[in-house]
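Peer 1: One structure coming up, written as structure tokens, with questions to follow.
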Ligand SMILES: [Zn+2]
């Protein structure tokens, strides 16, 4: 994915100059509202947009010092047109747009549903590289359960999965279109700002400071993270010198240390399972917020402070949740789902390594956990659809997509697969999967094809039943396992 933009073709500059001269007052012209568009995700029909591929986002955010007022923002998007475009849609809601340019030429824009529809002064040709600049606000207020900005006790964090990045910044908000990110965050100098990737500069202006971060790998919009608060960044080394940095409230620095120091060992454990950590840095962000979930934001996973301070959670459980989010860096982040129906590949694998870690480190039997999951599986399928064809989230509650069937209900599919093809082949499949699709997106069909290749036999029927059937198939090696009737199974949503 090239980061260097091609110069605008000369002919296009000329056309643009003529058009702009002829049409003052073009900006924000009253247009009939064109329809919101999508890329055809079965679960989120209006998410993402056709006709272009985003190469890089450059986000400029100015935090006013309180988390109840909008941030001032400029989002620059470098994109490659994949079709001739008279206009293009971005996903954006919950902010006010004050200007849009395409290649520095003012463009008309209007809202349509949760889309921002941009009409450039000059139509864009397929194959052209363009820069779209949107000047806007980004409002952190509103219902907390819709995602986007998370208001913390001392500032802000982000939780954009699955469809809420466009509540924060204009984007092609679908994991099928990954891109490089640069964040430039200006905040009062008493605060600390951290984002995905590595630091790329810090400028002190006196009352305010601007912090820059950049990703070295492409990232899905849903995995963006920006933390602003009274925080301390704690540095240590991971395997092979990997820079590990955690972000905690400064007041919690000592309190959190016993948890933070576990990360390098967990990284080593995951590397033994599936191969090298795929990114330039890792760490945990401990947010003073009640999100009800943790989230695998790329290179900097988001955790609720309460997970570490609530005495009711046993240590092994907290460890396993830390490993769940860490495992997502391979499964879900480095290898992203092509559509949201592929979510089981994220959560099934993260739950798998969560359970495997608990078994190896704390003696929590995987077999017992999977037998319990098997008993619940028919009920989970009845509630949320089979693992690879989940039902859409309930309207107004998008997070309801994250049901038990995509967690242990899908780890159960991986357990069945390991039973079917053997531990050695299963291990090779996992390693090949994250190596073959690193920094990319992949589908359920890609996974089942690779499994068949590695097993050396056709697994079509096996996966058809395990991934798409209403009833859970018999467990290989455990013909005595039984699933309880659907009515008997009602389980709450698990942490992300
Ligand atoms: Zn998860």
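Numbering (my numbering), first residue to last: 28 to 523.
Glycine included, every Cβ here is placed at the ideal spot set by N, Cα and C.
Remember, it's a predicted structure, so these values are computed and weren't measured experimentally.
Who are the near neighbours of residue 441 in its chain, counting only those whose CB is closer than 6 Å to its CB and skipping five residues on each side?
Peer 2: One-based indexing of the chain shown puts residue 441 at position 414. Result list for residue 441: 375, 379, in chain order.
Peer 1: Measure from the C-beta of residue 451 to each C-beta in chain D and report whether the shortest distance is under 9 Å.
Peer 2: Here there is only one protein chain, and chain D is not present.
Peer 1: Identify the continuous beta strand (DSSP E) that holds residue 252 and give its terminal residues.
Peer 2: As a first step, residue 252 must be located in the chain shown, where it is residue number 225. Per DSSP, residue 252 belongs to no beta strand (DSSP E) and is neither H nor E.
Peer 1: Can you give me the start and stop residues for the alpha helix (DSSP H) that residue 487 sits inside?
Peer 2: Locating residue 487 in the chain shown gives position 460, where the first residue counts as 1. Taken as a continuous stretch (DSSP letters only), the alpha helix (DSSP H) holding residue 487 covers 487 to 495.
Peer 1: Output the distance between the C-alpha atoms of residue 251 and residue 506, rounded to the nearest integer angstrom.
Peer 2: On the chain shown, residue 251 is found 224 positions in, with the first residue counted as 1. On the chain shown, residue 506 is found 479 positions in, with the first residue counted as 1. Roughly 44 Å separates the two Cα atoms.
Peer 1: With a floor of 3 residues, list each beta strand (DSSP E) that falls wholly inside the stretch 159 to 186, ordered by position along the chain.
Peer 2: Correct list: 175 to 179, 182 to 186.
Peer 1: Going by C-alpha to C-alpha distance, which of 114, 447, 435, 242 sits closest to residue 485?
Peer 2: Here the question's residue 485 lines up with position 458 in the chain shown. Checking every option, the nearest Cα to that of residue 485 belongs to 447.
Peer 1: Go to residue 109, then tell me how far its beta strand (DSSP E) extends in each direction, as first and last residue.
Peer 2: In the chain shown, the residue the question calls residue 109 occupies position 82. Looking at the DSSP string, residue 109 is not in any beta strand (DSSP E), and its letter there is neither H nor E.
Peer 1: Bridge partners for residue 238 per DSSP, in chain order?
Peer 2: As a position in the chain shown, residue 238 is number 211, starting the count at 1. According to DSSP, residue 238 bridges with 212, 229.
Peer 1: Distance check for residue 458 and residue 373, CA to CA, integer angstroms please.
Peer 2: Along the chain shown, one-based indexing puts residue 373 at 346. Along the chain shown, one-based indexing puts residue 458 at 431. About 15 Å.
Peer 1: Which of the three DSSP states, helix, strand or coil, is assigned to residue 192?
Peer 2: The sequence position of residue 192 within the chain shown is 165, counting from 1. It is helical.
Peer 1: What is the rounded straight-line gap between the Cα of residue 20 and the Cα of residue 302?
Peer 2: Nothing can be reported for residue 20, as the shown portion of the chain is limited to 28 through 523.
Peer 1: Does DSSP put residue 356 in a helix, in a strand, or in coil?
Peer 2: Along the chain shown, one-based indexing puts residue 356 at 329. Helix.
Peer 1: If I'm right that residue 432 touches residue 408 with Cβ under 8 Å, what's the distance once you round it to whole angstroms?
Peer 2: By one-based count along the chain shown, residue 432 stands at place 405. By one-based count along the chain shown, residue 408 stands at place 381. Indeed they touch by this definition, with Cβ atoms about 6 Å apart.
Peer 1: Could you check whether the Cβ of residue 254 sits closer than 8 Å to any heavy atom belonging to ligand 1?
Peer 2: Here residue 254 corresponds to residue number 227 of the chain shown, with the count starting at 1. Checking every heavy atom of ligand 1 against the Cβ of residue 254, none is found closer than 8 Å.
Peer 1: From residue 510 to residue 504, what distance separates their C-alpha atoms?
Peer 2: Residue mapping note: residue 510 aligns to position 483 of the chain shown, counting from 1. Residue mapping note: residue 504 aligns to position 477 of the chain shown, counting from 1. Between residue 510 and residue 504, the C-alpha separation is close to 15 Å.
Peer 1: Looking at the structure shown, is residue 243 part of a helix, part of a strand, or coil, going by DSSP?
Peer 2: Counting from one through the chain shown, the residue named residue 243 turns up at place 216. Here residue 243 sits in coil by DSSP.
Peer 1: Please indicate yes or no: does the CB of residue 174 lie closer than 8 Å to some heavy atom of ligand 1?
Peer 2: By one-based count along the chain shown, residue 174 stands at place 147. No - ligand 1 has no heavy atom lying nearer than 8 Å to the Cβ of residue 174.
Peer 1: Whole angstroms are fine: how far does the CA of residue 141 sit from the CA of residue 423?
Peer 2: Taking the first residue of the chain shown as position 1, residue 423 is located at position 396. Taking the first residue of the chain shown as position 1, residue 141 is located at position 114. Near 14 Å, if we compare the C-alpha coordinates of residue 141 and residue 423.
Peer 1: Kindly list the residues whose CB is nearer than 7 Å to the CB of residue 157, restricted to its own chain and excluding five residues on each side of it in sequence; keep chain order.
Peer 2: Taking the first residue of the chain shown as position 1, residue 157 is located at position 130. Contacts found: 106, 108, 129, 130, 151.
Peer 1: When you compare only the Cα positions, how much space is there between residue 334 and residue 359?
Peer 2: For the purposes of this step, residue 334 is taken as the residue at position 307 of the chain shown. For the purposes of this step, residue 359 is taken as the residue at position 332 of the chain shown. Going from the Cα of residue 334 to the Cα of residue 359 covers about 22 Å.
Peer 1: Are there 16 or more other CB atoms within 10 angstroms of the CB of residue 512, so buried, or fewer, so exposed?
Peer 2: For the purposes of this step, residue 512 is taken as the residue at position 485 of the chain shown. The residue is exposed, with fewer than 16 neighbouring Cβ atoms inside 10 Å.
Peer 1: When we look at the beta-carbon of residue 93 and count the other beta-carbons within 10 Å, is it buried (16 or more) or exposed?
Peer 2: Along the chain shown, one-based indexing puts residue 93 at 66. Its Cβ having fewer than 16 others within 10 Å, residue 93 is exposed.
Peer 1: Quick one: Cα of residue 282 to Cα of residue 136, how far?
Peer 2: Taking the first residue of the chain shown as 1, we reach residue 282 at position 255. Taking the first residue of the chain shown as 1, we reach residue 136 at position 109. Each residue's Cα considered, the two are about 49 Å apart.
Peer 1: Can you confirm whether the stretch 450 to 468 touches the stretch 293 to 302 when touching is taken to mean that 3 or more C-beta pairs between the two stretches lie within less than 8 Å?
Peer 2: With a cut-off of 8 Å, the stretch 450 to 468 and the stretch 293 to 302 count as touching, because enough Cβ pairs lie within range.
Peer 1: The beta strand (DSSP E) spanning residue 364 covers which residue range?
Peer 2: Reading the chain shown from its first residue, position 337 is the one you call residue 364. Unbroken beta strand (DSSP E) run through residue 364: 362 to 364.
Peer 1: Identify, in the order they occur along the chain, each residue of the same chain with its Cβ nearer than 7 Å to the Cβ of residue 315, setting aside the five sequence neighbours on each side.
Peer 2: Residue numbering aside, residue 315 sits at position 288 when the chain shown is read from its first letter. Taken in chain order, the residues that qualify are 179, 180, 181, 276, 332.
Peer 1: Going straight from the alpha carbon of residue 351 to that of residue 113, what length do you get?
Peer 2: Translated into positions along the chain shown, residue 351 becomes position 324. Translated into positions along the chain shown, residue 113 becomes position 86. Rounded to the nearest angstrom, the two C-alpha atoms are 44 Å apart.
Peer 1: Would you kindly report the start and end of the unbroken alpha helix (DSSP H) that includes residue 525?
Peer 2: It is not possible to answer for residue 525, since the shown part of the chain is limited to 28 through 523.
Peer 1: For residue 116, which residues does DSSP report across the bridge?
Peer 2: By one-based count along the chain shown, residue 116 stands at place 89. According to DSSP, residue 116 bridges with 144.
Peer 1: Use the C-beta contact count for residue 498: other C-beta atoms within 10 angstroms, 16 or more gives buried, fewer gives exposed.
Peer 2: As a position in the chain shown, residue 498 is number 471, starting the count at 1. With fewer than 16 other Cβ atoms within 10 Å, it is exposed.
Peer 1: Given a cut-off of 9 Å, decide if residue 204 and residue 81 are closer than it, judged by their beta-carbon atoms.
Peer 2: As a first step, residue 81 must be located in the chain shown, where it is residue number 54. As a first step, residue 204 must be located in the chain shown, where it is residue number 177. Result yes, Cβ atoms of residue 81 and residue 204 sit closer than 9 Å.
Peer 1: Helix, strand or coil for residue 269 per DSSP?
Peer 2: In the chain shown, residue 269 corresponds to position 242, counting from 1. Coil at residue 269, not helix or strand.
Peer 1: Classify residue 15: buried if its beta carbon has 16 or more other beta carbons within 10 angstroms, exposed otherwise.
Peer 2: As shown, the chain starts at 28 and ends at 523. That puts residue 15 outside it, with no answer to give.
Peer 1: What whole-angstrom Cβ distance do residue 101 and residue 118 have, given they're in contact under 8 Å?
Peer 2: By one-based count along the chain shown, residue 101 stands at place 74. By one-based count along the chain shown, residue 118 stands at place 91. Not confirmed; about 17 Å, so no contact.
Peer 1: Do the stretch 260 to 279 and the stretch 185 to 204 make contact, defined as three or more Cβ pairs closer than 8 Å?
Peer 2: Contact fails: fewer than three Cβ-Cβ distances are below 8 Å.
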